[in-house]
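Numbering (full-length UniProt numbering), first residue to last: 1 to 481.
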């Protein structure tokens, strides 16, 4: 008897098994029957496509080497171009390819902004990182995590190299000045003596007198207290120090500038009046292409600094952007600067005038949009003038000024103008620390033009010019009117 079911012999081949053998064992295929294994679509020949081709960007350029003495050309050297394939879509370098002509002024939302001056250069960052990694690798077996230095032991693993004696480890550690060290054992000994004196009531009066004299000062306390300066409240230093900070350099406007003509023999713009001290100091810093923060009183002449920056950029064939917080002030400055300089443009949300001018006047929001959209104007930009920069303290719009100051390229010089900034040194220190550049702060001590207050009572017609003086320039109220 046969166990199990009896099945008929297979009539059709197993498809899965046949497919598996076909894929796993390609050597069984006949090379003469390739037509059955692949299909081919003939390509249509287009001879005209051979005449159209894209030129690859240049990867090298020629650099001239001159004789340092005569200035003659010695030879030409071929140097590689780092930004050969860089464009506004993939690079933040200033040497990238220019954008389309219609995106030169306002940029494009798909563009990448230029590398801000507040950012670390990627090449410098890689160099610093490699040096740091090399140093950490050398000290990996010596310096414990969290420590600045370590100890190098001898071959026995116990003796420290470079130290000798029992107190070698103690001597290697710097405890500072010995006069500031308090020995706790001496304090405990004196407390023990004080306890013994309390147990003898017969000599309590003399003993307490001795204890009071001994405990007037602790051991080493007299020497330590000698170095503590006495705080004189009446002579405290004000918050705005005259020395400035690491990045904010406060210039002294109380002293006259005697060598102004020697340092600036040829002014970029001539004025019909004698410049004030703070104006001369600002012009000298602009000539050296430094960041300037002018905190002068109203009607002191801050516009002179802005005009000189515009004239200096036109002399250098570069651009200047003058920003204001409101559109009405932009229109007023356009009218004023148009009288002095011919090549002036205005960009507002309503209309644009002469967008390709060397001096452009706009609001801070428009400049922020141009920086984020990678406008090519940033390539030729030399000065950015921020008028009424105290708007940075505004809760709703202050972040716009911060973003613009952070996003500016490193080659741009910042000129800050304001009359109501209370913490000029602190603000300048933040800006200098952000850009890693010195900011020169120039302040005025008094108002050069007396401020008079008038009361206007006109309502049109014959009374449209009715105004009455209520406070004179010396601050006294005028009762007569």
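The C-beta atom is built at its ideal place from N, Cα and C for all residues, glycine as well.
{"Item": "Same chain only: Cβ atoms within 7 Å of residue 280, ignoring 5 sequence neighbours per side", "Value": "257, 260"}
{"Item": "Residue 307 (DSSP reduced to helix, strand or coil)", "Value": "helix"}
{"Item": "Distance between residue 70 and residue 98 (C-alpha atoms, nearest Å)", "Value": "36 Å"}
{"Item": "Simplified DSSP state of residue 465, which is helix, strand or coil", "Value": "coil"}
{"Item": "With 16 other Cβ atoms within 10 Å as the buried cut-off, status of residue 359", "Value": "buried"}
{"Item": "Cutoff 7 Å; reference residue 426; Cβ partners in own chain excluding five residues on either side", "Value": "none"}
{"Item": "Element boundaries [beta strand (DSSP E), containing residue 362]", "Value": "359-363"}
{"Item": "For residue 169, three-class secondary structure by DSSP", "Value": "No answer about residue 169 holds up, because its pLDDT of 47 lies below 50 and its placement is not dependable."}
{"Item": "CB contact flag (residue 79, residue 95, <9 Å)", "Value": "no"}
{"Item": "Reduced DSSP category for residue 346 - H, G, I as helix; E, B as strand; rest coil", "Value": "strand"}
{"Item": "Any 3 or more C-beta pairs closer than 8 Å across the region 415-431 and the region 439-449", "Value": "yes"}
{"Item": "Bridge partners - residue 320, DSSP secondary structure assignment", "Value": "359, 383"}
{"Item": "Per-residue burial, residue 364 [other beta carbons within 10 Å of its own, 16 or more giving buried]", "Value": "buried"}
{"Item": "DSSP state of residue 249 mapped onto helix, strand, coil", "Value": "strand"}
{"Item": "Contacts around residue 367, its chain only, beta-carbon distance under 7 Å, and the 5 residues preceding and following it disregarded", "Value": "321, 323, 404"}
{"Item": "Span of the beta strand (DSSP E), counted from its first residue to its last, around residue 65", "Value": "60-66"}
{"Item": "Per-residue burial, residue 472 [other beta carbons within 10 Å of its own, 16 or more giving buried]", "Value": "exposed"}
{"Item": "Segment limits, alpha helix (DSSP H) that includes residue 78", "Value": "Careful: residue 78 lies outside any alpha helix (DSSP H), inside the beta strand (DSSP E) at 73-80."}
{"Item": "Three-way DSSP call (helix, strand, coil) for residue 479 in this model", "Value": "coil"}
{"Item": "Where residue 352 falls: helix, strand or coil (DSSP)", "Value": "strand"}
{"Item": "Cut-off 6 Å between Cβ atoms - residues of its own chain near residue 407, not counting five sequence neighbours on either side", "Value": "116, 371"}
{"Item": "Three-state secondary structure assigned by DSSP to residue 14", "Value": "coil"}
{"Item": "Residue 452 - DSSP class collapsed to helix/strand/coil", "Value": "coil"}
{"Item": "Beta-carbon contacts of residue 248 that lie in its chain and below 7 Å, excluding the five residues immediately before and after", "Value": "425, 428, 429, 432, 439, 441"}
{"Item": "For residue 44 and residue 53, the rounded distance between their alpha carbons", "Value": "19 Å"}
{"Item": "Residues that DSSP places opposite residue 416 in a beta bridge", "Value": "293, 386"}
{"Item": "Assigned exposure category for residue 463 - 16 Cβ within 10 Å defines buried", "Value": "exposed"}
{"Item": "Continuous beta strand (DSSP E) stretch holding residue 161: start and end", "Value": "Here residue 161 belongs to no beta strand (DSSP E), and DSSP marks it neither H nor E."}
{"Item": "Minimum C-alpha distance to residue 383 - residue among 355, 402, 412, 362", "Value": "412"}
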